[in-house]
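Each residue of the sequence shown is one higher than the one before, counting from 1 in UniProt numbering. The beta-carbon is built from N, C-alpha and C at its ideal position, and this holds for glycine as well.
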Amino acid sequence: MDADQSLQIIQDRYAFIFKEKQLDSVKSILENKDCFIVLPTGYGKSRIYFHLPELFEMTTTKKSSILVISPLQALMLDQTKKLQDMGITATVVGECQKDKGVADRISAGDYSIVFSSPEAALLPGLWRRSLTSGNFNTAVKAVVIDEAHCITEWGAEFRQEYSMLDELRSIFPEKTPFVALTATATKEMKLEIMKKLNMEQDRTDMIWMLPERPNLTYIVKKTTKQMTDLQWILNDIKVNGEKAKKTIVYCRDISSCAALYEYFFYELSESADDVHSRRIAMFHRSTAEANKVHVMSEFPKLDSKVRVVFATIAFGMGVDIADVEQIIHWGAPRGLEQFTQESGRAGRDGRHALSVVYYSSFDISKGRCKESVADFCKKVKCGKEILSDYFSLDNKPHPSTTKTCKWCSFCKENCECGCCDRLDYIDNIVSAQQQYKLQDEDADLHRHISDNESILLKENLLDFHSVLKDEDAPGCTHLNDSAINEIVRNAPYLYCEEDIISLGVGDIELAREILLLIEEIV
Numbered sequence: 001m002d003a004d005q006s007l008q009i010i011q012d013r014y015a016f017i018f019k020e021k022q023l024d025s026v027k028s029i030l031e032n033k034d035c036f037i038v039l040p041t042g043y044g045k046s047r048i049y050f051h052l053p054e055l056f057e058m059t060t061t062k063k064s065s066i067l068v069i070s071p072l073q074a075l076m077l078d079q080t081k082k083l084q085d086m087g088i089t090a091t092v093v094g095e096c097q098k099d100k101g102v103a104d105r106i107s108a109g110d111y112s113i114v115f116s117s118p119e120a121a122l123l124p125g126l127w128r129r130s131l132t133s134g135n136f137n138t139a140v141k142a143v144v145i146d147e148a149h150c151i152t153e154w155g156a157e158f159r160q161e162y163s164m165l166d167e168l169r170s171i172f173p174e175k176t177p178f179v180a181l182t183a184t185a186t187k188e189m190k191l192e193i194m195k196k197l198n199m200e201q202d203r204t205d206m207i208w209m210l211p212e213r214p215n216l217t218y219i220v221k222k223t224t225k226q227m228t229d230l231q232w233i234l235n236d237i238k239v240n241g242e243k244a245k246k247t248i249v250y251c252r253d254i255s256s257c258a259a260l261y262e263y264f265f266y267e268l269s270e271s272a273d274d275v276h277s278r279r280i281a282m283f284h285r286s287t288a289e290a291n292k293v294h295v296m297s298e299f300p301k302l303d304s305k306v307r308v309v310f311a312t313i314a315f316g317m318g319v320d321i322a323d324v325e326q327i328i329h330w331g332a333p334r335g336l337e338q339f340t341q342e343s344g345r346a347g348r349d350g351r352h353a354l355s356v357v358y359y360s361s362f363d364i365s366k367g368r369c370k371e372s373v374a375d376f377c378k379k380v381k382c383g384k385e386i387l388s389d390y391f392s393l394d395n396k397p398h399p400s401t402t403k404t405c406k407w408c409s410f411c412k413e414n415c416e417c418g419c420c421d422r423l424d425y426i427d428n429i430v431s432a433q434q435q436y437k438l439q440d441e442d443a444d445l446h447r448h449i450s451d452n453e454s455i456l457l458k459e460n461l462l463d464f465h466s467v468l469k470d471e472d473a474p475g476c477t478h479l480n481d482s483a484i485n486e487i488v489r490n491a492p493y494l495y496c497e498e499d500i501i502s503l504g505v506g507d508i509e510l511a512r513e514i515l516l517l518i519e520e521i522v
């Protein structure tokens with residue numbers, strides 16, 4: 001049976017229609033070609049590999065399976081459940097798999113799709129043995145690297161196995177195609193990922209689209225990042241309850257997540273005893289497992305009680321939550337890759353959605369984020385044009401934005417057509433109550449601290465360190481000489497606990513004490 005006939009059978013069987021780039025990708029893989037695939041969040045990248053075993057079996061008449069390398073346990077479990085609900089045999093290996101009997105069933109060829117972390121697939125042990133022997137191994141028709149951008153982000157020191165994935169070529173049948181899937185990649189990232197996966201330029205099919213989301217409005221707000229900046233979201237929950245707009249607030253660190261969650265928890269008078277009745281939730285690597293399970297099962301529901309999740313970047317990766325209407329970036333993202341990944345989790349059902357960045361001068365100071373992020377926050381030109389230029393994977397000129405796009409802060413502020421609402425839309429939301437109105441985002445948000453005040457601050461911090469040392473307080477180790485020098489140097493830009501924590505002071509109570517010391521001398 002040829003590929004076109006097989007694809008039609010799959011579409012009829014599962015009642016959907018492949019999109020253009022999905023079709024291009026699947027056909028290339030069926031021709032046993034390596035593929036580098038970059039498609040926007042929400043496009044449906046998972047569909048590309050969901051049906052590969054069935055398609056290979058129809059075109060080759062041989063038992064077929066695939067291995068999917070994935071970065072997160074929550075993502076693997078979610079995808080496995082989705083496949084099982086569709087009637088496709090799938091399982092996951094690694095720390096989250098408690099049933100050791102799965103290893104024997106993998107070797108026996110009982111599963112069409114196996115999800116694995118890089119560590120489980122590469123490090124010696126039960127799971128690697130199950131993947132490298134028996135019927136599963138001989139039946140593997142493709143190795144898919146999902147969220148392939150993690151190779152460049154994590155493969156150096158953190159999770160080193162991400163930089164060793166090319167070793168998988170030696171344990172599967174010769175000419176098994178490798179497929180890199182991601183929503184974000186620059187030219188430099190593409191070259192690095194291809195090198196790490198041993199993909200040859202002239203033998204790899206490139207299938208890509210710019211990360212354009214026409215239903216997303218990008219807004220940037222310069223602020224001191226006071227928690228009351230998010231009062232408009234808090235008010236939405238208070239007034240509308242379960243009908244409040246579904247929102248994800250992405251924070252740069254766990255301490256910021258915790259601080260915002262505590263603030264909302266207190267303001268909403270949430271029940272401390274019943275996690276299932278709360279309107280807010282928190283999700284990061286240190287969140288209790290029971291709470292993670294609750295968030296992952298409840299938040300994707302269209303009638304979810306949870307309306308706001310405070311999270312780090314990992315939340316939502318690869319998980320389809322259709323009705324998220326607002327993404328808040330609490331602090332400038334470190335790169336446009338992270339920004340695009342996070343923003344793309346809104347508006348997946350096609351409705352209009354917001355991506356709002358709250359940033360301070362400190363966030364975009366040298367070394368804190370990439371220059372491209374600083375340009376985006378400073379609104380040097382159309383935000384969507386900045387994203388298109390940054391993520392273009394060819395050398396062809398892309399149409400410049402000669403007319404305002406009407407969907408970013410820059411274009412709304414510079415619109416001269418007389419018909420646009422400029423920034424009234426978001427400003428009316430953000431300024432829902434006059435007492436919470438944000439400062440002028442063009443204001444120069446930093447304190448003036450004289451040399452004498454800097455000297456005094458350093459002396460006070462050294463005295464504070466001595467007190468902590470005498471009391472053998474846990475915070476003593478965080479407030480070392482290096483940290484003190486960083487605090488003094490950056491003091492003009494430190495307005496909240498999160499700013500101080502970002503310098504390496506990993507304790508929110510200690511950060512509050514330091515903030516008081518700064519405020520005492522200015």
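Selection TYR162, GLU147, ARG334, ILE171 evaluated against THR132 yields ILE171 as nearest (Cα-Cα). In the DSSP secondary-structure assignment, CYS251 is bridged to TRP330.
For VAL324, there is no enclosing beta strand (DSSP E), as DSSP marks it with neither H nor E. For CYS411, the enclosing alpha helix (DSSP H) stretches over residues 409–414.
With respect to PHE410, VAL373 sits apart: the two C-beta atoms are not nearer than 9 angstroms.
In this structure, DSSP gives THR41 a state outside helix and strand, which the three-state scheme calls coil.
Ranked by how close their Cα comes to the Cα of ASP202, the residues PHE36, ALA120, ARG278 have PHE36 in first place. Here ARG278 has GLU270 as same chain residues with Cβ atoms under 6 angstroms from its own Cβ, once five neighbours each way along the sequence are excluded. With a contact defined as Cβ atoms closer than 8 angstroms, ILE207 and ASP24 qualify at about 5 angstroms.
Under the criterion of beta carbons closer than 8 angstroms, THR176 and HIS149 do not qualify as touching, at roughly 22 angstroms.
Excluding five sequence positions before and after ASP363, the CB atoms of its chain that fall closer than 6 angstroms to its own CB belong to GLY331, ALA332, given in chain order. Excluding its 5 nearest sequence neighbours in each direction, ALA139 has C-beta neighbours in its own chain below 8 angstroms: LYS62, LYS63, SER64, SER65, GLY109, listed in chain order. Using a 10 angstroms sphere on the CB of THR186, the tally of other CB atoms reaches 16 or more, which defines it as buried. Cβ-Cβ separation between ILE508 and GLU497: approximately 5 angstroms, consistent with a contact (criterion under 8 angstroms).
Only residues of its own chain outside the window of five on either side were considered, and among them TYR162, ILE193, LYS196 have a CB closer than 6 angstroms to the CB of ILE151, listed in chain order. The residue among ILE219, GLU459, LEU126, PRO71 with its C-alpha nearest the C-alpha of TYR358 is ILE219. By the neighbour-count definition (other C-beta atoms within 10 Å, threshold 16), GLN341 is a buried residue. Here TYR218 is bridged, per DSSP, to SER355, CYS408.
A distance below 7 angstroms between beta-carbons, with the five flanking residues on each side excluded, links LEU83 to the following residues of its chain, in chain order: PHE50, ALA90, ILE113.
A direct Cα-Cα distance of roughly 46 angstroms separates VAL356 from PHE136. Here DSSP, grouped into helix, strand and coil, assigns THR182 to strand. Rounded to whole angstroms, the separation of the alpha carbons of LEU168 and GLU413 is 51 angstroms. For PHE56, the enclosing alpha helix (DSSP H) covers residues 52–60.
DSSP, reduced to helix, strand and coil, places PHE310 within a strand of the structure shown. Runs of alpha helix (DSSP H) with 4 or more residues, each lying fully within the region 89–149, are found at 102–107, 118–122, 126–132, 134–139, listed in chain order. Spatial neighbours of MET164 in its own chain (CB-CB distance under 7 angstroms, excluding positions within 5 residues in sequence) are listed in chain order as LEU122. In this structure, the beta-carbon distance from GLU147 to PRO211 does not fall below 9 angstroms.
Distances from the alpha-carbon of GLN231 to those of TYR263, PRO214, LYS243, ASN198 put TYR263 closest.
By the criterion of a C-beta distance shorter than 6 angstroms, GLN73 is surrounded in its chain by CYS96, once the five residues flanking it on both sides are discounted. THR224 is classed as buried because its beta carbon has at least 16 other beta carbons within 10 Å across all chains shown. VAL26 is not a Cβ neighbour of MET209, given a cutoff of 9 angstroms.
Around the beta carbon of PRO53, 16 or more other beta carbons sit within 10 angstroms, so the residue counts as buried. Residues of the same chain with a CB within less than 8 angstroms of the CB of MET86, apart from the 5 flanking positions on each side, are TYR14, PHE50 in chain order. Put simply, of ASP99, MET58, SER46, THR60 the residue whose alpha carbon is nearest the alpha carbon of LEU75 is SER46. In terms of Cα proximity to ALA346, the closest of ASP12, GLN11, PRO40, ASN452 is PRO40. By the Cβ rule, the region 449–462 does not count as touching the region 320–328, because fewer than three pairs are nearer than 8 angstroms.
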